[in-house]
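Position one of the sequence shown corresponds to residue 1 (the working numbering), numbered consecutively onward.
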Amino acid sequence: MAISLPPLPYDQNALEPHISANTLSFHYGKHHKAYVDNLNKMIEGTEFAGKELEDIIKASAGKPAAQGVFNNAAQVWNHTFYWHSMRKDGGGEPGGAMASAIKDSFGSFEDFATAFKNAGATQFGSGWAWLVEKNGKLEVRKTPNAETPLTEAGVKPLLTMDVWEHAYYLDFQNRRPDYMGAFLGHLVNWDFAEKNLQG
Ligand code: MN
Numbered sequence: 001m002a003i004s005l006p007p008l009p010y011d012q013n014a015l016e017p018h019i020s021a022n023t024l025s026f027h028y029g030k031h032h033k034a035y036v037d038n039l040n041k042m043i044e045g046t047e048f049a050g051k052e053l054e055d056i057i058k059a060s061a062g063k064p065a066a067q068g069v070f071n072n073a074a075q076v077w078n079h080t081f082y083w084h085s086m087r088k089d090g091g092g093e094p095g096g097a098m099a100s101a102i103k104d105s106f107g108s109f110e111d112f113a114t115a116f117k118n119a120g121a122t123q124f125g126s127g128w129a130w131l132v133e134k135n136g137k138l139e140v141r142k143t144p145n146a147e148t149p150l151t152e153a154g155v156k157p158l159l160t161m162d163v164w165e166h167a168y169y170l171d172f173q174n175r176r177p178d179y180m181g182a183f184l185g186h187l188v189n190w191d192f193a194e195k196n197l198q199g
């Protein structure tokens, strides 16, 4: 069983005007697909062939000889998680369980938003900003390149924001803060975060 490219959970123009169909056609259709294709080539005939994606990520993490497998496998997972972290007409403050979890952990939504945008802004070069749950509290994380909190025991990823330049360059050029503002203001899918929190 090869690893497959999961479908986008919405049309390629669903996130406009914030993230264009042009960006999604490259980011999903070229970048995400390339990680899937590269991974399938790399694992053919190896100990990783036939394993589930999450098992490949966990088994290759931190092993220098499997760095290429880890990078591609984690990028496949991270991107699928990122597509679901956004939706048409998303953004703004969450309600329900996410609202109380954010207030309990960060003090206020504004304090969470500041921490999340700071994580994205201070990730030098390529990487990801995350909202995760650990020991009943929410935390903001940043990871470089393909690194993912999925490999950390006891940590549950809730949301992610891709801060590789390919995520925003066609729409925002070098303005990463504007992209992050659009993500939180108009795109973030709090229903997905809540489902992950309670899952
Ligand atoms: Mn990406």
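Ideal Cβ placement from N, Cα and C applies to all residues, glycine included.
Using the Cβ count rule (16 or more neighbours within 10 Å means buried), how would you classify residue i?
| i | result |
| --- | --- |
| H262 | The requested residue 262 is not part of the displayed model; the chain covers only 1 to 199. |
| K137 | exposed |
| R141 | buried |
| R87 | buried |
| F48 | buried |
| K117 | buried |
What separation, rounded to the nearest whole angstrom, lies between the Cα atoms of residue i and residue j?
| i | j | result |
| --- | --- | --- |
| L197 | E133 | 7 Å |
| L159 | F192 | 8 Å |
| G68 | G199 | 30 Å |
| H31 | N78 | 12 Å |
| Y10 | Y168 | 18 Å |
| I56 | N40 | 11 Å |
| S85 | W190 | 8 Å |
| D104 | W130 | 18 Å |
| V163 | L8 | 19 Å |
| S126 | F172 | 16 Å |
| A61 | S108 | 34 Å |
| L5 | T80 | 9 Å |
| F124 | M42 | 28 Å |
| T122 | A101 | 24 Å |
Counting only beta-carbon separations shorter than 7 Å, does residue i have a partner in chain D?
| i | result |
| --- | --- |
| A119 | Looking at the structure shown, chain D is missing, and only one protein chain is on hand. |
Sequence-ordered residues whose beta carbon comes within less than 6 Å of a heavy atom of the ligand MN
H27, H31, H79, D162, W164, H166, A167
For the stretch 49-81, list the alpha helix (DSSP H) runs that are entirely contained and at least 4 residues long, ordered along the chain.
53-60
Give the list of continuous alpha helix (DSSP H) stretches no shorter than 4 residues that lie fully inside the stretch 23-51.
33-43
Go through the stretch 93-138 residue by residue and report every complete run of the alpha helix (DSSP H) that reaches 4 residues or more, in order.
96-106, 109-122
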